[in-house]
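Participant:
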Amino acid sequence: MAMPALPVVAKSALFIAFSILLTISLFTSFPFQIPNFLPTTTTYPSSLPIITSPDPPDPTFYDENTLTYSIGRPIPDWDAKRARWLNLHPSFSVEKNRVILVTGSQPSPCRHPTGDHLLLRMFKNKVDYCRIHEHEIFYNDALLHPKMTGYWAKYPIIRAAMVARPEAEWVWWVDSDAVFTDMGFRIPFEKYEGYNLVVNGWKELVYGEKKKSWTGLNAGVLLIRNCEWSMELIDELVKMGPQSAEYADWGKRQKEVLNDKLFPEADDQSGLIYLLINGGAGGGQKFREKVYLEDDYDFQRYWLDRAGSFENATRDYDEVLDGEDGGGVLRRRHAEGVSEFYGEMLAERIKEWDRSKRRSLITHFTGCEPCSGEHNPMYSWEDCYEGMVKALNFGDNQVLWNYGFVRRDLMDSSLVSPLI
72 MAMPALPVVA KSALFIAFSI LLTISLFTSF PFQIPNFLPT TTTYPSSLPI
122 ITSPDPPDPT FYDENTLTYS IGRPIPDWDA KRARWLNLHP SFSVEKNRVI
172 LVTGSQPSPC RHPTGDHLLL RMFKNKVDYC RIHEHEIFYN DALLHPKMTG
222 YWAKYPIIRA AMVARPEAEW VWWVDSDAVF TDMGFRIPFE KYEGYNLVVN
272 GWKELVYGEK KKSWTGLNAG VLLIRNCEWS MELIDELVKM GPQSAEYADW
322 GKRQKEVLND KLFPEADDQS GLIYLLINGG AGGGQKFREK VYLEDDYDFQ
372 RYWLDRAGSF ENATRDYDEV LDGEDGGGVL RRRHAEGVSE FYGEMLAERI
422 KEWDRSKRRS LITHFTGCEP CSGEHNPMYS WEDCYEGMVK ALNFGDNQVL
472 WNYGFVRRDL MDSSLVSPLI
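What follows is the structure, given as structure tokens:
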């Protein structure tokens, strides 16, 4: 028997009820979450701070009309201004030794046919290291001061990075031709408490009575604290640079102090040594007492000292990793995110090794000039190229291991083998 027709009111009520039921069903059964536009509070592990705070309206140094990112105009009371900014942005203050690694290259293409490829791989190498150690990285290919070229070009970048990234305690400059070759090594920041600049160097060659050498330190890799002292150091140092009217005179002064300096132009490395010896404006040891000349480990190592050693290093480290004392722990498969933990464990195991056997944190291809190809004539391009390829693949093998692969031949960049 046919159902009697529903009254119009009943039909309307039924339609409304069905619509409500359908709406509820849609919001509860979709396979994706409906966006929640209400503010929420999320707690993150303190070991990996997630930056979520907004920029409060309170005035900071960014609101000052006199603010400059450029070389040549000091920012007075930088420590206090930076501290106020951090106080207004507490989530940025969680990590005490936050690092931003800064590197870069020229704005135009490389002249050497393999130059751009090598610089790309060297940048990837730095990105890998920063990812493993939770550092940030800034790659610059712009000339921030038209007259500060070559080795002087890094100081406007470092200065701008300090202002742009006040949350970073350290700015780590690494030359484009420098390669990380110990990917698990952690910078011992606790060692540098009370210091504002860390460079690879030797006291006897910088402060020695008998000999002061322009190679007493290497300014191609600098770990510099984001503070007022560092800004003052940079301001003093760049007074010797090519943008200065006293540039030629500073070359002569550097040569008088450093007899083994090879060329007449003032350079930043000789300039830094000059400041450590003689002080800046007013003299004294204002800068010396805050500079740590690192020689306990290879903060960076000249590539010729490591030429031909990467295969031996692979074998020596494999013996430790596979050995009876280390194979059970150090060879344990693990996530890339905990590589630093295993790197510190490995460093403890090999701390008694002769330094020549230990991996260098950074292998620096000074003089190879991969972008231009105009290498130092004391060695060949073939030697430079082989060294760079082996160093890059040596470092990359430590990364690939966490992904289950390895290069068996350090000169073959394309062929990898699965570990299991």
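Numbering (my numbering), first residue to last: 72 to 491.
Cβ atoms here follow ideal geometry from the backbone N, Cα and C, with glycine treated the same way.
Closer than 8 Å by C-beta to Val-391: which residues in its own chain qualify, once you throw out the five before and the five after it? Chain order, please.
Facilitator: These residues qualify, in order along the chain: Gly-397, Leu-401, Leu-417, Arg-420 and Ile-421.
Participant: Is the beta carbon of Arg-257 sitting closer than 8 Å to the one on Gly-414?
Facilitator: Cβ atoms of Arg-257 and Gly-414: closer than 8 Å.
Participant: To which residues of the same chain is Gly-287 closer than 7 Å at the C-beta, ignoring the five residues directly before and after it?
Facilitator: Same-chain partners within the cutoff: Gly-272, Trp-273, Leu-276, Val-277 and Ile-344.
Participant: Going by DSSP, what residue range makes up the alpha helix (DSSP H) through Asn-383?
Facilitator: 381-393 is the extent of the alpha helix (DSSP H) around Asn-383.
Participant: Whole alpha helix (DSSP H) runs in the stretch 407-480 with 4 or more residues, listed along the chain?
Facilitator: If we require 4 residues or more, the alpha helix (DSSP H) runs fully inside the stretch 407-480 come out as 410-420 and 452-471.
Participant: Tell me, to the nearest whole angstrom, how far the beta carbon of Ser-431 is from that of Thr-252; I am working on the premise that it is less than 8 Å.
Facilitator: Right, the Cβ-Cβ distance comes to about 5 Å (below 8 Å), so this counts as a contact.
Participant: Please tell me whether Lys-197 and Val-234 are closer than 8 Å, where the distance is taken between their beta carbons.
Facilitator: The answer is no: Cβ separation not under 8 Å.
Participant: From the DSSP output, in three-state form, read off Phe-194 for me.
Facilitator: Phe-194 falls in the helix class under three-state DSSP.
Participant: Just how far apart, CA to CA, sit Ile-433 and Pro-128?
Facilitator: So the two alpha carbons sit approximately 42 Å from each other.
Participant: Please name the residue in Ala-249, Ser-484, Asp-248 and Leu-294 whose C-alpha comes closest to that of Val-269.
Facilitator: Comparing Cα-Cα distances from Val-269 to each of Ala-249, Ser-484, Asp-248 and Leu-294, the minimum goes to Leu-294.
Participant: Please report the residue range of the beta strand (DSSP E) in which Ile-171 lies.
Facilitator: Start and end: 170-175.
Participant: Can you round the beta-carbon distance between Ile-171 and Ala-232 to whole angstroms, since I take them to be within the 8 Å contact cut?
Facilitator: Ile-171 to Ala-232, Cβ: 6 Å. Contact.
Participant: Helix, strand or coil for Asn-211? Go by DSSP, reduced to three states.
Facilitator: Three-state result, Asn-211: strand.
Participant: Is Val-409 buried or exposed, if buried means 16 or more other CB atoms sit within 10 Å of its CB?
Facilitator: With fewer than 16 other Cβ atoms within 10 Å, it is exposed.
Participant: Is the distance from the Cβ of Glu-299 to the Cβ of Trp-156 below 8 Å?
Facilitator: No, these two residues do not count as a Cβ contact at 8 Å.
Participant: Let me check understanding here. Comparing Cα to Cα, which of Val-328, Asp-480 and Lys-195 lies closest to Tyr-210?
Facilitator: Nearest option by C-alpha distance: Lys-195.
Participant: Kindly indicate which three-state DSSP category Phe-163 falls into: helix, strand or coil?
Facilitator: Phe-163: helix per DSSP, three-state reduction.
Participant: Give me the Cα-Cα distance between Asp-338 and Thr-131, rounded to the nearest whole angstrom.
Facilitator: Approximately 36 Å between the Cα atoms of the pair.
Participant: Would you kindly report the start and end of the unbroken alpha helix (DSSP H) that includes Val-328?
Facilitator: From DSSP, the alpha helix (DSSP H) with Val-328 extends over 318-328.
Participant: For the beta strand (DSSP E) that contains Ala-249, what are its first and last residues?
Facilitator: Residues 249-251.
Participant: Cβ of Leu-490 within 8 Å of Cβ of Phe-465?
Facilitator: Not closer than 8 Å, so no.
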